[in-house]
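Asks:
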Amino acid sequence: MYAHETENIEGVILVKLNWKSKTAETISCDNLNLHVLPSNHKFAITFDPRTDSDLTVFTFIAGADRCNISLYKIKKDIVLFQIALFKNELCDLPGNFQNLQFFRDGSALLLTVLGSNCCMPTVIRNHFVTAHFLDPVCYDFLGDFKYMSLTSVEHFTPMISASGRHCFCGGKLYNVQKIKPKSYALRTLKQSCLDVIADSVLIEDLCQLPLPKSIIACLEQGKI
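When we follow full-length UniProt numbering, the leftmost residue of the sequence shown carries the number 1, and every step to the right adds one.
1) Thr-112 to Leu-100, Cα distance in whole Å?
2) CB Ile-69 to CB Leu-85, shorter than 8 Å?
3) Buried or exposed: where does Thr-59 fall if 16 or more other Cβ atoms within 10 Å of its Cβ makes it buried?
4) Helix, strand or coil, according to DSSP, for Val-144 in the structure here?
5) Going by DSSP, what residues sit across from Gln-208 in a beta bridge?
6) Take Glu-25 and list the residues in its own chain whose beta-carbon comes closer than 6 Å to its own, dropping the five residues that flank it on each side.
7) Label Cys-67 either buried or exposed according to how many other C-beta atoms from any shown protein chain fall within 10 Å of its C-beta, with 16 as the threshold for buried.
8) Please list, in chain order, all residues of the same chain as His-35 whose beta carbon is under 6 Å from its beta carbon, the five residues on each side excluded.
9) Strictly by DSSP, which residues pair up with Thr-26?
10) State the DSSP-derived secondary structure class of Ala-84, mapped to helix, strand or coil.
Dropping the structure here:
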């Protein structure tokens, strides 16, 4: 996302990076820009980790009472479908700023909204953050939690652990499983152990553990 130098508008540039050849290529995204331009900073975009980065999910403001969440296909530069999230479902919309991020394994989508419409002092309202968990398939609401962002716009989004079990934000650690239990089945002992490893060991250090190569590969790819 970028701000145009001469006009008071924002836009999106998609860049394809080739790490081996150290080259970068700009990809056309005209249809994407048609949707995000009228949003006045209140839009967010993220890549879908389940689709080899060919799909992106984005939000944009569509009036005072709703926010649209859409699926965009990069290669064809088309919007596949849109779903409206209304203020009566997510009362903090549209907020001042938004951010989207997928869990590493693609199991959930996190829409974070900075700013609130609730009756509270302006200073508090502008630092108030609501993190909504959405189903990555149909974008149904799964749960949420709220906190105060001490830095306001900078770093207001939660940091999600590698296993997707915990979120750190506002100086607190949240257990995601308690917030959105619908998306979790009963974990086996092996799965629970892999969660602990994913949250405790850096990816580049996994090869030093006395584990089978197949398990290390799963951890490296986020398939736990």
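From the three backbone atoms N, C-alpha and C, an ideal C-beta is built for every residue, glycine too.
Replies: According to the structure shown:
1) A direct Cα-Cα distance of roughly 6 Å separates Thr-112 from Leu-100.
2) With a cutoff of 8 Å on beta-carbon distance, Ile-69 and Leu-85 are scored as near each other.
3) With 16 or more other Cβ atoms within 10 Å, it is buried.
4) A quick correction: the sequence has Asp, not Val, at residue 144. Reduced to three states, the DSSP call for Asp-144 is strand.
5) Paired residue(s): none; Gln-208 is not in a bridge.
6) Contacts found: Lys-16.
7) Buried: at least 16 other Cβ atoms inside 10 Å.
8) If we look at His-35 and ignore the five residues flanking it on each side, its Cβ neighbours are Phe-60.
9) DSSP output for Thr-26 lists Val-15 as bridge partner(s).
10) For Ala-84, the secondary structure class from DSSP, reduced to helix, strand or coil, is strand.
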